[in-house]
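Protein chains in written order, with our numbering: chain L, 1 to 215; chain H, 216 to 430; chain D, 431 to 645.
C-beta: ideal position from N, C-alpha, C; glycine also.
Taking it in order: structure first as structure tokens, then the write-up.
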Amino acid sequence: MKNSLFGKLTPKEPKFLPLLNNLSDTLLETATLLEESISHHTAQEREEYYKRIKELERQGDTFNHSINDELATTFITPFDREDINRLSASIDDVIDRINGTAKRIYLYNPQPIGAAGVELTKIIKESAQYIVDAVSKLENIHGNAKEIRTSCRTLHNLENQADDIYEKFVQNLFVNETDFAELIKSKEIMQGLEKATDGADFVGKVLKSMVVKYI
Amino acid sequence: MKNSLFGKLTPKEPKFLPLLNNLSDTLLETATLLEESISHHTAQEREEYYKRIKELERQGDTFNHSINDELATTFITPFDREDINRLSASIDDVIDRINGTAKRIYLYNPQPIGAAGVELTKIIKESAQYIVDAVSKLENIHGNAKEIRTSCRTLHNLENQADDIYEKFVQNLFVNETDFAELIKSKEIMQGLEKATDGADFVGKVLKSMVVKYI
Amino acid sequence: MKNSLFGKLTPKEPKFLPLLNNLSDTLLETATLLEESISHHTAQEREEYYKRIKELERQGDTFNHSINDELATTFITPFDREDINRLSASIDDVIDRINGTAKRIYLYNPQPIGAAGVELTKIIKESAQYIVDAVSKLENIHGNAKEIRTSCRTLHNLENQADDIYEKFVQNLFVNETDFAELIKSKEIMQGLEKATDGADFVGKVLKSMVVKYI
């Protein structure tokens with residue numbers, strides 16, 4: 001049996017790398033759905049998209065828990081437990097932030113999301129793609145160190161771009177939005193999107209610290 | 216003397232279980248006072264309730280610190296130090312969230328809190344009762360495992376109910392509230408109440424993880 | 431060579447005390463600039479002050495990282511690693527909060543900040559001075575224990591003063607502010623200032639716990 005004492009004491013194929021790939025794939029699916037949702041403006045469509053994103057968020061939780069369980073029963077891992085933990089938690093956190101923003105869009109049911117919001121969801125999706133790519137390269141961290149570092153740098157640049165978009169948006173919002181309910185709605189939704197890119201940048205920081213440590 | 220070196224090295228009656236009971240009793244008192252306060256609408260009454268809740272919050276802090284002190288000087292505890300710590304901190308956090316919301320009610324002095332707010336305070340009080348009950352059963356965690364688990368499940372259900380109430384409330388708020396100051400006030404106060412139930416659900420998660428670990 | 435194995439194994443002059451002094455000096459510079467900025471009301475001035483504060487914030491990050499690096503390579507430190515870490519992180523956090531508030535002032539470009547805001551920035555600056563003073567006394571924690579404790583108590587009193595100012599401000603704001611955009615702007619900016627004093631109070635708590643532990 002795979003889970004016998006003997007199995008536990010001998011190095012085994014770590015299962016958490018495939019699980020981490022599953023988790024980052026889930027992030028990409030969530031980000032893709034968010035980007036698609038942003039150009040659908042009826043209350044009903046928004047509710048449906050939120051429900052689908054919510055399901056992906058639960059799926060992400062499941063992968064995150066499985067990674068933790070796997071770590072608890074694996075004696076020899078290619079990385080420190082805390083690093084895998086932090087990486088898994090940070091990816092899960094990006095999914096949570098996307099889910100939280102989709103929930104706001106559903107609950108607040110704002111005016112159609114404008115160009116700045118569309119741009120932010122594109123950046124989130126692009127960030128998710130870089131995360132999927134970098135995580136898939138962890139299996140051979142030595143050979144892929146350079147590419148992983150490049151992805152981390154890109155994640156940071158994308159976060160900076162999102163920051164600029166968000167800042168310009170907020171400056172305009174306070175000058176031009178004359179409906180107070182819409183002002184509050186837009187501000188919180190855009191903030192949610194911006195914080196998702198912060199989360200993706202943080203995933204990059206965790207990945208970068210692993211590259212520094214293990215090569 | 217009880218605190219002599221000898222006393223320290225031999226198993227002693229752990230004092231933190233009674234302290235945890237005191238802390239959860241304080242939570243229930245706080246939640247009860249919050250529920251009572253919610254139907255008093257004058258600025259003066261709100262200030263008085265806030266002051267009384269603030270005192271309970273300080274009392275909770277004292278119990279929480281005593282638990283930490285007790286852990287630092289007790290060699291043999293029936294549970295891991297971190298678990299007692301997390302449990303104590305999580306209960307204290309619910310008290311803090313209630314206190315923060317009572318403070319908002321006092322400072323913002325909004326229109327009378329509506330039906331949804333009353334319902335949320337009822338859920339918070341009910342959650343506090345389940346926490347008191349589950350904590351009192353820790354002394355015999357083996358014999359009470361099933362009941363503690365049931366309480367945790369109920370805490371989770373109560374949090375879900377609170378979520379639904381909060382979501383419907385926010386949807387209506389943005390459609391119907393025409394006074395911007397009242398919209399902001401209501402939104403933040405209801406959010407505070409909803410986050411108190413999140414905190415209570417988290418206490419349930421800590422309790423559940425202890426049951427899984429020690430039986 | 432200083433970083434030879436031999437150097438690592440023998441006690442060396444800890445470098446993190448000077449670095450901690452640098453970090454708290456940076457905090458004081460940031461707080462001084464914030465206080466100065468608060469009476470400049472054009473969009474352009476606000477942007478310039480924010481940029482200068484942002485630079486100081488990056489400088490603080492650099493000191494904070496250097497302290498962490500120094501801790502990782504120093505075998506014998508006069509304090510526990512976690513304590514230096516917590517202290518450094520807590521000072522850095524106050525800088526971050528000031529930076530975040532300066533950013534809001536720049537982005538929101540509100541009406542001139544009123545008297546309550548000016549008072550809060552004075553309290554933040556005063557708090558920074560007490561932190562600089564207390565940190566400079568860590569070198570001789572035994573001889574300076576009493577003075578450090580007094581600074582910590584003052585930090586707590588300053589935070590209480592800030593709390594009172596903020597509370598009165600918010601109460602008035604909801605009664606008197608008739609422009610919804612200005613209400614939101616003021617509330618968030620004043621909240622940011624108040625949270626900076628919370629952060630300074632937390633630095634005091636970390637310092638106090640070190641005094642209790644090491645003397």
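Between the Cα of Asp201 (chain L) and the Cα atoms of L:Arg149, L:Pro78 and L:Leu107, which residue gives the shortest distance?
Here the closest residue by C-alpha is L:Arg149.
Could you please tell me which residues of the segment 371 to 388 of chain H, in chain order, have their CB closer than 8 Å to any CB of chain L?
Listed in sequence order: Glu382, Val385 and Gln386.
Is DSSP giving Asp276 (chain H) helix, strand or coil here?
In the three-state DSSP reduction, Asp276 (chain H) falls in the helix class (H, G or I).
Is the CB of Phe610 (chain D) under 7 Å away from at least one CB in chain H?
It does: the Cβ of Phe610 (chain D) has a partner Cβ on chain H nearer than 7 Å.
For the segment 158 to 173 of chain L against the segment 194 to 210 of chain L, are there 3 or more C-beta pairs whose distance is under 8 Å?
Touching, per the Cβ criterion.
Report buried or exposed for Glu465 (chain D), applying the criterion of at least 16 other Cβ atoms within 10 angstroms of its Cβ.
By the 10 Å Cβ count, Glu465 (chain D) comes out buried.
Under the three-state DSSP convention, the category Pro448 (chain D) falls into
Here Pro448 (chain D) sits in helix by DSSP.
Measuring alpha carbon to alpha carbon, tell me which of H:Lys410, H:Asp379 and H:Ala360 ends up nearest Lys428 (chain H).
Nearest of H:Lys410, H:Asp379 and H:Ala360 to Lys428 (chain H), Cα basis: H:Ala360.
Of the listed residues L:Leu207, L:Arg153 and L:Ser39, nearest to His142 (chain L) (C-alpha basis)
Ranking the options by Cα distance to His142 (chain L), first place goes to L:Leu207.
Can you tell me which of H:Asn387, H:Gln406, H:Thr393 and H:Leu322 puts its alpha carbon nearest to the alpha carbon of Ser593 (chain D)?
Correcting the residue identity first, residue 593 (chain D) is Asp in this sequence and not Ser. Of the candidates H:Asn387, H:Gln406, H:Thr393 and H:Leu322, the residue whose Cα lies closest to the Cα of Asp593 (chain D) is H:Leu322.
Is DSSP giving Asn375 (chain H) helix, strand or coil here?
Asn375 (chain H): helix per DSSP, three-state reduction.
Neighbourhood of Arg261 (chain H) by C-beta, 6 Å cutoff - its chain only, sequence neighbours within 5 removed
Exclusion of the five residues before and after Arg261 (chain H) leaves Ile320 and Tyr321 as the residues of its chain whose Cβ lies within less than 6 Å of its Cβ.
Checking contacts by CB at 7 Å: is Tyr108 (chain L) closer than that to chain H?
The Cβ of Tyr108 (chain L) sits closer than 7 Å to at least one Cβ of chain H.
Is Ala246 (chain H) near Ala343 (chain H), with beta carbons less than 7 Å apart?
Going by C-beta atoms, Ala246 (chain H) is nearer than 7 Å to Ala343 (chain H).
Which of helix, strand or coil DSSP assigns to Tyr151 (chain L)
Note that residue 151 (chain L) is Ser in the sequence shown here, rather than Tyr. Helix, per DSSP.
Kindly provide the ranges of any beta strand (DSSP E) runs that are 3 or more residues long and lie completely inside the segment 481 to 569 of chain D, ordered along the chain.
Counting only runs of 3 or more, we get nothing.
Can you tell me which of the three DSSP states Asp394 (chain H) falls into?
In this structure, Asp394 (chain H) counts as coil in the three-state DSSP scheme.
Candidates L:Leu138, L:Ala116 and L:Glu57, of which the one nearest Tyr166 (chain L) by Cα
The shortest Cα separation from Tyr166 (chain L) among L:Leu138, L:Ala116 and L:Glu57 belongs to L:Ala116.
Give the DSSP-derived three-state secondary structure of Ile215 (chain L) in the structure shown.
Correct three-state label for Ile215 (chain L): coil.
Contact under 7 Å by Cβ, Val132 (chain L) with Ser66 (chain L)
No; because the gap between Cβ atoms is not below 7 Å, this pair is not in contact.
In this structure, does DSSP put Ser454 (chain D) in helix, strand or coil?
Ser454 (chain D) falls in the helix class under three-state DSSP.
Three-state class that DSSP yields for Thr472 (chain D) in the structure shown
Note: Thr472 (chain D) maps to coil in three-state DSSP.
Is Leu463 (chain D) near the ligand MN, judged by its Cβ being under 6 Å from some heavy atom?
Among the components modelled here there is no ligand, and therefore nothing to report on the ligand MN.
Which parts of the segment 184 to 211 of chain L are runs of the alpha helix (DSSP H), unbroken and 4 residues or longer, counting only runs that do not cross its ends?
Whole alpha helix (DSSP H) segments, 4+ residues: zero.
Val390 (chain H): buried (16+ other C-beta within 10 angstroms of its C-beta) or exposed?
Residue environment analysis places Val390 (chain H) among the exposed positions, since fewer than 16 neighbouring C-beta atoms fall within 10 angstroms of its C-beta.
Might you give, ordered along the chain, the residues of its own chain that have their beta carbon closer than 8 Å to the beta carbon of Leu408 (chain H), omitting 5 neighbours on each side?
So the qualifying residues of the chain are Thr316, Gly332, Leu335, Thr336, Ile339, Ala377 and Tyr381.
Beta-carbon gap between Asn452 (chain D) and Phe493 (chain D) smaller than 7 Å:
A contact, by the Cβ cut-off of 7 Å.
Where does Asp179 (chain L) land, buried or exposed, given buried means 16+ other C-beta within 10 angstroms?
With fewer than 16 other CB atoms across the displayed protein chains lying within 10 angstroms of its CB, Asp179 (chain L) is exposed.
Grab me the residues of Leu450 (chain D)'s own chain with a C-beta within less than 6 Å of its C-beta, minus the 5 sequence neighbours each way, in chain order.
If the five residues before and after Leu450 (chain D) are omitted, its C-beta is found closer than 6 Å to the C-beta atoms of Val565, all from its own chain and listed in chain order.
Measure the C-alpha to C-alpha separation of Ala396 (chain H) and Met405 (chain H) and round it to an integer number of angstroms.
Taking the straight line from one Cα to the other gives about 14 Å.
Tell me which residues of the segment 395 to 410 of chain H have at least one Cβ-Cβ distance to chain L shorter than 9 Å, keeping chain order.
So the list reads Phe395, Leu398, Ile399 and Lys402, given in the order they occur along the chain.
Arg488 (chain D), buried or exposed, once every other Cβ within 10 Å from all chains shown has been counted against 16
So Arg488 (chain D) counts as exposed.
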